[in-house]
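Colleague: Dumping the structure here so I can ask a few things about it.
Number of protein chains: 2
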Amino acid sequence: MSTTVEPAAVASGDAVRDAVHEVAGRAKQAARALAVAPRQAKDAALTALADALVANAEQIIAANQEDLERGERTGLAPNLADRLRLDHPRIAAIAQAVRDIVRLPDPVGEVVRGSTLPNGLQLRQVRVPMGVIGMVYEARPNVTIDAAALALKSGNAAVLRGGSAAESTNTVLVGLIRAALESAGLPADAVATIDPWGREGVQHLMRARGLVDLLVPRGGAGLIRTVVENSTVPVIETGTGNCHVYVDASADPQMALEVTLNAKMRRTSVCNAAETLLVHSSLADSFLPTVLTALKEAGVRLHADERALAAARALGIEAEPATEDDWFTEYLAAEIAVGVVDDLDQAIGHIRTYSSGHTEAILTSDLRAANRFTAEIDSAVVAVNASTAFTDGAEFGLGAEVGISTQKLHARGPMGLAELTSTKWIVTGNGQTRP
Amino acid sequence: MSTTVEPAAVASGDAVRDAVHEVAGRAKQAARALAVAPRQAKDAALTALADALVANAEQIIAANQEDLERGERTGLAPNLADRLRLDHPRIAAIAQAVRDIVRLPDPVGEVVRGSTLPNGLQLRQVRVPMGVIGMVYEARPNVTIDAAALALKSGNAAVLRGGSAAESTNTVLVGLIRAALESAGLPADAVATIDPWGREGVQHLMRARGLVDLLVPRGGAGLIRTVVENSTVPVIETGTGNCHVYVDASADPQMALEVTLNAKMRRTSVCNAAETLLVHSSLADSFLPTVLTALKEAGVRLHADERALAAARALGIEAEPATEDDWFTEYLAAEIAVGVVDDLDQAIGHIRTYSSGHTEAILTSDLRAANRFTAEIDSAVVAVNASTAFTDGAEFGLGAEVGISTQKLHARGPMGLAELTSTKWIVTGNGQTRP
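Chains as they are written, first to last, in the numbering used here: chain A, 1 to 435; chain B, 1 to 435.
So this is what it looks like as structure tokens:
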């Protein structure tokens, strides 16, 4: 947290790299054991972890208190402090989330495809763990447990880097995880932290090809961009959600109103919350004033394009002109950009230009509009007459999730346990050679 | 092909970037149309392309002749010249490969998963094209057609960069592809080349985030490493195959001999060829001399560890001591590294250390050894009592392939059409909001 450069920092570059490679190398060794560990052992470790979280709640809270006090001294923003804070109910909820993961089926060993070839070769494509998964996230201690538990259940080792503001808490949590692994006969090195090497350590983790099989950044757009642009190991981008709701001319106005309010206001701080509302111009005198009034009453700050601004002002509702930046912005707050479009093409064009590719919803009763929207919108989730808030692993029936992938490679949308695996082809023969 | 730096090259950096972005941007626009194009239109374009290849064979051969003559002047290696050369039979084979792709099912629109949630929401996970696929490969004109045809069939636009030694040939081929697209009512910009901007162009393609959805390098280890280390767009590594055959103590010796010879000698220049043979020490006086003799008779150059060297010398067979480099080497020639191991653990350890993660085979009649080998070897394909030569999209029944992925993310093993797609979740409701 120091704002001055520590004197040894530059000279120690190689030492930091070696230390991070050492941690990742041990994780790679441990991953070998974890890859072939039966579900029983993995579930035993997870159950031991859930028990340990509850049993050691006082110790966790004491470490968390250190982090919070340091945060107070260094001016940690109140909303960040809130995400950092652990208390008994929160610890119980984290432990329960681990028990929920215990109940999920083991993805490892699932046969994805299989066939017998004309020459008698038996072919199976089987799910296998990735190996070592790096997780880089912000100062939210619940993510430490969540990420480690999902990695473990899917047979992967995890190398963690939490935000430095949570370092004391994470030290205790990682200790509990490692003890739980050992109690189940699994190698403690399967979960490790590189927090002691700070930001410099992350730089080396991002470039540890051959040691790290997958890097998953969780957090704000800045963190994700840094990881994507600097990594040479494979990365999955998660969580940036500039989600849109488009209300078509043919929409049921009451349904459109309810879905818009739910998408915006159910929880404003999550990635599946709507950030932009587009309304068909034929609704400028009907639905548009209704939704602007309702949003304002719900306490939403409005950024409006020219026509939406005119509608708001006609109602005496305060609104600001939407800037180009607004259309790109993920507010994660009670704020929304509102625009009026002349047709479906304009709506699709706007979304394709500004969306982060997370979730977009159309409200319509026109089948052709619904079909075009779902076909032409290039996002992880496209919803017809439903709230964007449903984009979630548990809601989709996938169980716990690592995050929402907004990229197209490997995983797109909610990432459950299966998305933390790769596959392997197993070919069984009796001496076949290829002509 | 000039060996001096052209004067404008450095100053033109921004111009090259703009030109590559222009090509990729047009491909992105075209990809929108291709993503929703019905199979009929895509197949019509592919059929027109196959016809055009045959009809314009003379023109293709003339352009190819230019490339070959330039190659001769600049000292192109004979094996590279052979891969560059096109004649009537080769053009007919390329056209036939396109017709084979026509017959493959369209991966786009396949419903991968689906369910109805308790609240009535209907959920479908559907295959969709990636968007724009960049292909970077060496001077093999058949890859130009192959890559473009696979991209097109899977609804993707393709931006191609072939080796500069094939530039004249590729110019003609890309022209034929674009004409075929237009003849089927599809945008010509769906397939484009950045060859005019040479290596500098590739640098910009690798960093064209937002314009290129996936980059697939095809070629030697050096090309692939360059792309992986310099790209900020998602990459799939293909084709480096340091494949191993391990002959266990319990192997049927005749089967082991046939599989080893097939794996090494069927085609030495392909990525699924065996490059290292590991033999259990209990076979040092039986199978080992037999296989060394057979390999030598087949014209294979031997690189042997201490014990294999002793066996070879006892037989009067010439062999060189295997160096650390040999174990890492993909010879792609009639050469093999031979080692003796004391047990399965040593074999697995060796393979895990030196393999490129492509294909490894065990010859054994011991079920436990087979199970441990398939579980603990971390490669795309693991074969029991079968040749490594079967690792191939067509052999696996996947149809034509883009290459063999040796990475764990997204695709592993033979990459067919499905591996050139992403998925999208489509959620259909009647006004559902999330509590």
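Glycine residues also receive a C-beta, built at the ideal position from the N, C-alpha and C atoms. Since we're looking at a predicted model, the values are computed, not measured.
Grouping DSSP H, G and I as helix and E and B as strand, with all else coil, what is isoleucine 236/A?
Modeller: Three-state DSSP puts isoleucine 236/A in coil, outside helix and strand.
Colleague: Which class does leucine 302/B belong to by DSSP, given the choice of helix, strand or coil?
Modeller: Three-state DSSP puts leucine 302/B in a strand.
Colleague: Using a beta-carbon distance below 8 Å, is histidine 88/B in contact with chain A?
Modeller: It does not; no Cβ of chain A falls within 8 Å.
Colleague: Find the nearest neighbour of histidine 358/A within the set Thr276/A, Ala370/A and Thr293/A, judged by alpha-carbon distance.
Modeller: Nearest C-alpha to histidine 358/A: Thr276/A.
Colleague: Is the CB of valine 111/A under 8 Å away from at least one CB in chain B?
Modeller: No, valine 111/A lies away from the interface with chain B (no Cβ there is under 8 Å from its Cβ).
Colleague: Can you tell me whether leucine 409/A is helix, strand or coil according to DSSP?
Modeller: Three-state DSSP puts leucine 409/A in coil, outside helix and strand.
Colleague: Please report whether the beta-carbon of proline 234/A lies at a distance below 8 Å from any beta-carbon of chain B.
Modeller: True, the Cβ-Cβ gap to chain B drops below 8 Å.
Colleague: Report the residue from Ala361/B, Gly349/B and Leu53/B whose alpha carbon sits nearest the alpha carbon of alanine 251/B.
Modeller: Residue Ala361/B is the option with its Cα nearest to alanine 251/B.
Colleague: Since glutamine 407/B meets chain A, which of its residues come closer than 8 Å, beta carbon to beta carbon?
Modeller: Near glutamine 407/B (Cβ distances below 8 Å), the residues of chain A are Pro234.
Colleague: Using three-state DSSP, classify leucine 417/A as helix, strand or coil.
Modeller: If DSSP states are grouped into helix, strand and coil, leucine 417/A belongs with coil.
Colleague: Chain A beta carbons: is any one of them nearer than 8 Å to that of arginine 434/B?
Modeller: By this cut-off, arginine 434/B is an interface position.
Colleague: Kindly indicate the opening and closing residues of the alpha helix (DSSP H) around serine 255/A.
Modeller: Correcting the residue type first, residue 255/A is methionine in the shown sequence and not serine. Per DSSP, methionine 255/A belongs to the alpha helix (DSSP H) from 253-265.
Colleague: By the DSSP assignment, the beta strand (DSSP E) with asparagine 170/A in it spans what residues?
Modeller: No beta strand (DSSP E) contains asparagine 170/A, which is instead part of the alpha helix (DSSP H) from 167-183.
Colleague: Leaving out five residues on either side along the sequence, give the residues of the same chain with a beta carbon under 8 Å from the beta carbon of serine 2/A.
Modeller: Note on serine 2/A: pLDDT 34, under 50, position unreliable in the model; the coordinate value appears next. Taken in chain order, the list of residues that qualify is empty.
Colleague: Give a yes or no on whether 8 Å exceeds the smallest Cβ distance from glycine 198/A to chain B.
Modeller: Closer than 8 Å: no.
Colleague: Relative to the C-alpha of alanine 184/A, which candidate in Gly239/A, Ser115/A, Ala41/A and Thr290/A has its C-alpha closest?
Modeller: Comparing Cα positions, the closest option is Ala41/A.
Colleague: Quick one: what does DSSP say proline 78/B is sitting in, helix, strand or coil?
Modeller: In the structure shown, proline 78/B sits in a helix (DSSP, three-state: H, G or I).
Colleague: Could you give the first and the last residue of the continuous beta strand (DSSP E) run that contains glycine 71/A?
Modeller: First-last for glycine 71/A: 57-73, but that is the alpha helix (DSSP H), not the beta strand (DSSP E).
Colleague: Taking 8 Å as the threshold (beta carbon to beta carbon), is serine 355/A in contact with chain B?
Modeller: Not one chain B Cβ lies under 8 Å of serine 355/A.
Colleague: Which residue's Cα is closest to the Cα of alanine 148/B: Thr388/B, Arg73/B and Leu49/B?
Modeller: Closest option to alanine 148/B, Cα to Cα, is Leu49/B.
Colleague: Quick one: what does DSSP say alanine 52/A is sitting in, helix, strand or coil?
Modeller: DSSP places alanine 52/A in helix when its eight states are reduced to three.
Colleague: Does the separation of the CB atoms of leucine 205/A and valine 191/A fall below 8 Å?
Modeller: Result no, Cβ atoms of leucine 205/A and valine 191/A do not sit closer than 8 Å.
Colleague: Could you name the residues that DSSP lists as bridge partners for glycine 134/B?
Modeller: Val159/B and Leu215/B.
Colleague: Whose CA, out of Lys424/B, His303/B, Ala311/B and Arg434/B, lies closest to the CA of phenylalanine 287/B?
Modeller: Closest by alpha carbon: Ala311/B.
Colleague: In or out: leucine 261/A buried (at least 16 other Cβ within 10 Å) or exposed?
Modeller: The residue is buried, with at least 16 neighbouring Cβ atoms inside 10 Å.
Colleague: Quick check on DSSP: helix, strand or coil for valine 36/B?
Modeller: Valine 36/B falls in the coil class under three-state DSSP.
Colleague: Please state whether the Cβ-Cβ distance between aspartate 189/A and arginine 17/A is less than 8 Å.
Modeller: Cβ distance not < 8 Å, so aspartate 189/A and arginine 17/A don't count as in contact.
Colleague: Using 8 Å as the threshold, is the region 193-202 of chain A in touch with the region 155-169 of chain A, meaning 3 or more CB pairs across them?
Modeller: Yes, since at least three Cβ pairs between the region 193-202 of chain A and the region 155-169 of chain A fall closer than 8 Å, the two stretches touch.
Colleague: Just the Cα atoms here: how many angstroms apart are threonine 364/B and tyrosine 246/B?
Modeller: Those two C-alpha atoms are separated by around 9 Å.
Colleague: Return the CA-CA distance between glycine 416/A and alanine 151/A, expressed in angstroms with no decimal places.
Modeller: Cα to Cα, the separation comes out at about 10 Å.
Colleague: Name the chain A residues whose beta carbon is nearer than 7 Å to that of asparagine 430/B?
Modeller: Here the neighbours are Asn385.
Colleague: Could you check which residue in Glu258/B, Glu110/B, Met255/B and Gly210/B has the C-alpha nearest to that of alanine 423/B?
Modeller: With the sequence shown as reference, residue 423/B is identified as threonine, and alanine is not the correct amino acid for it. Ranking the options by Cα distance to threonine 423/B, first place goes to Glu110/B.
Colleague: Does alanine 438/A come out as helix, strand or coil in the three-state DSSP assignment?
Modeller: Any answer about residue 438/A is impossible in this case: the structure gives chain A only from 1 up to 435.
Colleague: Take the Cβ of proline 89/A as the centre, count every other Cβ of all protein chains shown within 10 Å, and call the residue buried at 16 or more, exposed below.
Modeller: With fewer than 16 Cβ atoms within 10 Å of its Cβ, proline 89/A is classed as exposed.
Colleague: Tell me whether glutamate 167/A is buried or exposed, calling it buried when 16 or more other Cβ atoms sit within 10 Å of its Cβ.
Modeller: Label assigned to glutamate 167/A: buried.
Colleague: Over the uninterrupted alpha helix (DSSP H) stretch that includes glycine 220/A, give me the two end residues.
Modeller: Unbroken run through glycine 220/A: none, as it is neither H nor E.
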